[in-house]
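Undergrad: The structure under discussion is supplied below as C-alpha cells; questions concerning it will follow.
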Amino acid sequence: MKFSCQLVSSTLAVLVLSACSNNAVERKQADDDFAYLNAQSLQDWKYPRNALPESSSLYQIPQGQYKGSIGTDVDIRPPQEILTLLSGVRVDQRSNTAELWMVKNGTADKIWREITQWLNASGASFTEQSSSVIQTGWVTWSPEDEPNPVLGRYQFEKLQKTGQDGIQVKLLELKQGSQSLSQNESMVDRYTAVMANNIVTHYDDKQRADEANRIRSQMNNIAVQMGSDRSGLPVIIARAPYNVLWERLPDAIIRINMAIQDRTQSQGSIKVDYTTPDDDVWASFRVEPLPLKKGSYTLLLGDLGNRTSINLTDSKGKPVSEDTLKSFADILSKLLER
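Residues -24 to -1, 1 to 314 in mature numbering (1 follows the signal peptide of the UniProt record, and there is no 0) are what the sequence shown spells out, letter by letter.
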C-alpha cells in the first residue's frame, strides 16, 4: 500500500516550506554550522591553593541528560498537526496515538466505515480485521521532503468512554529502508498525524461531496404552488431551501426576459427589468403569457426552512394581483423543472 505526499497536500493545500531547494535532505535538516558538536565538555573550575571559592546558585548550570537528535539528525520541519476539519469531533494526540472523539452518536460508525472503505480501495493489507479493530501491513509514504519512502504499520480501534464514541489511530511500527524509526519521537508524531489527517480529509471530502449531491438533488424539479403568508395574503411557495432557490432562480427567470439589476441575499430581494417575450417563449413552456407589463419589478424571497416563499411587487413596492401571481407560479413551475 503506497501513498504519495500529494494525497494529503492536494486536498489540504498544505504549504511545504523549503529553503529554495528541491533536495529532500535539505528540506528536513539544517545546512548551517555544526561546530557546536566539537565543543569541549565543561570542566570543574580549579582554584589556586588557599583561595576561598565564592559562587552563587543563580549561575549554576543544572546537570541533565539530553535525549534527542543532534547535528544533521535534527529534523527542522514544523511538526505535523492533526487538522480540525470535522465539526463535532475532538482530537487528542499523544506520541504514537491520535484519538477522534465524537459529540454526535453515529458519527464514529460513519467514520469507521469510511476508514474501512478507504483502506480497501487503497489496496491495504491487513494483519487483523474485525468490527472494532483493524491492523494494517506496511503502509508506504512517499512525501517530497523525505529522501526515501517511510513505511508504517497502523492500528485502528473503536473506543468508548463516558458515553462518547471514539476512534483511535495508533502507529505500531515505523521504518525507513532497513532503519527502524519507532524510537524517533518526532518521526512517530509526524506519521501518526499524517495517517490521522488522511482519515479526516477523506471523511471531510466525502461529507462535502454528499452535501453537494444533496443540494443538486434538491435543485432538480423544484415544486411550486400557491399558498398564503401569515396575514393570509397570497404568495408563491417553492419546495426548496432558501439558499438552493436563491442560486437557481436567476438562471430560470432570465429565460422569460427578467434581467437582474440587483439582488441582496440577506434581504431576499431580486430587482429585475422585465420585457415581454415572444409568443414562442410561452409556447415552448406550454403556459399562458404572463399578464405583466414591461417595467421594473422586485422578487421577494422568504426563508421557511425547507421551503421558500416568493412574492412579486412593482416599481412602487405594491404586490401584483393574485391572478398575476398565480400565472407567475405556473410559469416558475415550468422554469424550475430539470
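We put the CB at the ideal spot given by N, CA and C, even for glycine.
The model shown is predicted, which means the values in this text are computed figures rather than measured ones.
What three-state label does DSSP hand N287 in the structure shown?
TA: Numbered from 1 along the sequence shown, position 311 holds the residue referred to as residue 287. Here N287 sits in strand by DSSP.
Undergrad: Could you spell out where the beta strand (DSSP E) holding E104 opens and where it closes?
TA: Your numbering for residue 104 matches position 128 in the sequence shown. Taken as a continuous stretch (DSSP letters only), the beta strand (DSSP E) holding E104 covers 102 to 105.
Undergrad: Along the chain, where does the beta strand (DSSP E) that runs through Y130 open and close?
TA: Sequence index remark: in the sequence shown, residue 130 carries index 154 (1-based). Residues 126 to 137.
Undergrad: Alpha carbon to alpha carbon, what distance is there between R166 and residue 360?
TA: Residue 360 lies beyond the residue range present for the chain, which begins at -24 and ends at 314; the question has no answer from this structure.
Undergrad: Helix, strand or coil for E122? Go by DSSP, reduced to three states.
TA: Taking the first residue of the sequence shown as 1, we reach residue 122 at position 146. Note: E122 maps to coil in three-state DSSP.
Undergrad: If you compare alpha carbons, which of Q136, I307, S107, L157 is closest to P125?
TA: Reading the sequence shown from its first residue, position 149 is the one you call residue 125. Looking at the Cα atoms, L157 is the closest of the given residues.
Undergrad: What separation, rounded to the nearest whole angstrom, lies between the Cα atoms of A(-12) and G139?
TA: As a working mapping, residue -12 is identified with position 13 in the sequence shown. As a working mapping, residue 139 is identified with position 163 in the sequence shown. For A(-12), the predicted structure reports a pLDDT of 35, less than 50, and the residue's modelled location is therefore unreliable. The matter cannot be settled from this model.
Undergrad: Less than 9 Å between the C-beta atoms of L61 and D180, yes or no?
TA: Counting from one through the sequence shown, the residue named residue 61 turns up at place 85. Counting from one through the sequence shown, the residue named residue 180 turns up at place 204. A distance below 9 Å separates the beta carbons of L61 and D180.
Undergrad: Under 8 Å from any heavy atom of the ligand SAM, does the C-beta of R224 make it?
TA: With respect to small molecules bound, the structure shown includes none, and the ligand SAM cannot be examined in it.
Undergrad: What separation, rounded to the nearest whole angstrom, lies between the Cα atoms of G293 and S204?
TA: One-based indexing of the sequence shown puts residue 293 at position 317. One-based indexing of the sequence shown puts residue 204 at position 228. The straight-line gap from Cα to Cα measures roughly 18 Å.
Undergrad: When the Cα atoms are used, what is the spatial distance from S(-4) to L150?
TA: As a position in the sequence shown, residue -4 is number 21, starting the count at 1. As a position in the sequence shown, residue 150 is number 174, starting the count at 1. The pLDDT assigned to S(-4) is 42, lower than 50, so where the model puts this residue is not dependable; a value taken from the coordinates is nonetheless given after this. Rounded to whole angstroms, S(-4) to L150 spans 27 Å at the Cα level.
Undergrad: To the nearest angstrom, how far is the alpha carbon of Y23 from that of P29?
TA: Against the sequence shown, residue 23 aligns to sequence position 47. Against the sequence shown, residue 29 aligns to sequence position 53. Cα to Cα, Y23 sits roughly 7 Å from P29.
Undergrad: Between N72 and Q155, what straight-line distance do the alpha-carbon atoms span, to the nearest angstrom?
TA: Translated into the one-based positions of the sequence shown, residue 72 becomes position 96. Translated into the one-based positions of the sequence shown, residue 155 becomes position 179. Rounded to the nearest angstrom, the two C-alpha atoms are 18 Å apart.
Undergrad: Give the secondary structure of E75 by DSSP, where H, G and I count as helix, E and B as strand, and everything else as coil.
TA: As a first step, residue 75 must be located in the sequence shown, where it is residue number 99. E75: strand per DSSP, three-state reduction.
Undergrad: Can you grab the Cα-Cα spacing for the pair Q105 / G64, in whole Å?
TA: Reading the sequence shown from its first residue, position 129 is the one you call residue 105. Reading the sequence shown from its first residue, position 88 is the one you call residue 64. If you take the alpha carbons of Q105 and G64, they lie about 27 Å apart.
Undergrad: Do three or more CB pairs link the segment 40 to 57 to the segment 159 to 175 at distances below 8 Å?
TA: yes
Undergrad: Given a cut-off of 9 Å on the beta-carbon distance, is the pair Y218 and T284 in contact?
TA: Along the sequence shown, read from residue 1 onward, the residue named residue 218 stands at position 242. Along the sequence shown, read from residue 1 onward, the residue named residue 284 stands at position 308. Yes, Cβ-Cβ distance for Y218 and T284 is below 9 Å.
Undergrad: Which one or two residues does DSSP pair with M202 in a beta bridge?
TA: Locating residue 202 in the sequence shown gives position 226, where the first residue counts as 1. Partner(s): I212.
Undergrad: On the criterion of 16 or more Cβ atoms from any shown chain inside 10 Å, does A(-6) qualify as buried, or is it exposed?
TA: Here residue -6 is taken as the residue at index 19 of the sequence shown, counted from 1. In this prediction, A(-6) scores a pLDDT of 37, lower than 50, which makes its location untrustworthy; no coordinate-derived value is stated.
Undergrad: Tell me where the alpha helix (DSSP H) around K302 begins and ends.
TA: The residue given as residue 302 occupies position 326 in the sequence shown. Element bounds for K302: 298 to 311.
Undergrad: On the DSSP letters alone, give me the boundaries of the alpha helix (DSSP H) that S32 sits inside.
TA: For the purposes of this step, residue 32 is taken as residue 56 along the sequence shown, with counting starting at 1. Unbroken run through S32: none, as it is neither H nor E.
Undergrad: Quick check on G47: does DSSP put it in helix, strand or coil?
TA: By 1-based counting over the sequence shown, the position of residue 47 is 71. DSSP places G47 in helix when its eight states are reduced to three.
Undergrad: So which of W21, I198, L268, E264 has the shortest CA-CA distance to S31?
TA: By one-based count along the sequence shown, residue 31 stands at place 55. Taking S31 as reference, the option from W21, I198, L268, E264 with the minimal CA-CA separation is W21.
Undergrad: How long is the line joining the alpha carbons of L275 and A199, rounded to whole angstroms?
TA: Position 299 of the sequence shown holds residue 275. Position 223 of the sequence shown holds residue 199. Between L275 and A199, the C-alpha separation is close to 18 Å.
Undergrad: R184 bridges to which residues according to DSSP?
TA: The residue given as residue 184 occupies position 208 in the sequence shown. The partner list for R184 (beta bridge, DSSP) is empty, contrary to what the question assumes.
Undergrad: Excluding the five sequence neighbours on either side, which residues of its own chain have a C-beta within less than 7 Å of the C-beta of T251, listed in chain order?
TA: Translated into positions along the sequence shown, residue 251 becomes position 275. Cβ within range, chain order: N233, K270.
Undergrad: So who's on the other strand from R66, going by DSSP bridges?
TA: Against the sequence shown, residue 66 aligns to sequence position 90. Bridge partners of R66: W77.
Undergrad: Determine the direct distance from the alpha carbon of R262 to that of P210, and round the result to whole angstroms.
TA: Residue mapping note: residue 210 aligns to position 234 of the sequence shown, counting from 1. Residue mapping note: residue 262 aligns to position 286 of the sequence shown, counting from 1. Between P210 and R262, the C-alpha separation is close to 24 Å.
Undergrad: Looking only at DSSP bridge pairs, what is residue 324 linked to?
TA: There is no way to answer for residue 324, as the model of the chain reaches only from -24 to 314.
Undergrad: In or out: L76 buried (at least 16 other Cβ within 10 Å) or exposed?
TA: Position 100 of the sequence shown, counted from the first residue, corresponds to residue 76. Looking at its Cβ environment, which holds 16 or more other Cβ atoms inside 10 Å, L76 is buried.
Undergrad: Return no unless some Cβ of chain B is closer than 9 Å to the Cβ of G47.
TA: Included in the structure is just one protein chain, with no chain B present.
Undergrad: Using 9 Å as the threshold, is the C-beta distance between V115 and Y130 below it?
TA: Counting from one through the sequence shown, the residue named residue 115 turns up at place 139. Counting from one through the sequence shown, the residue named residue 130 turns up at place 154. A contact, by the Cβ cut-off of 9 Å.
Undergrad: Where L221 and R239 are concerned, what is the direct C-alpha to C-alpha distance, given to the nearest angstrom?
TA: Walking along the sequence shown from the start, residue 221 turns up at place 245. Walking along the sequence shown from the start, residue 239 turns up at place 263. Roughly 13 Å between the two C-alpha positions.
Undergrad: Inspect the beta-carbon positions of I46 and L13 and report whether they are closer than 9 Å.
TA: What you label residue 46 is simply residue 70 of the sequence shown in a count that begins at 1. What you label residue 13 is simply residue 37 of the sequence shown in a count that begins at 1. Their beta carbons are under 9 Å apart, which means I46 touches L13 by this criterion.
Undergrad: Please check the pair A214 and L311, which I expect to be a contact at CB under 8 Å, by giving their CB distance rounded to whole angstroms.
TA: Position 238 of the sequence shown, counting from 1, holds the residue named residue 214. Position 335 of the sequence shown, counting from 1, holds the residue named residue 311. Wrong, their Cβ atoms sit about 11 Å apart, outside the cutoff.
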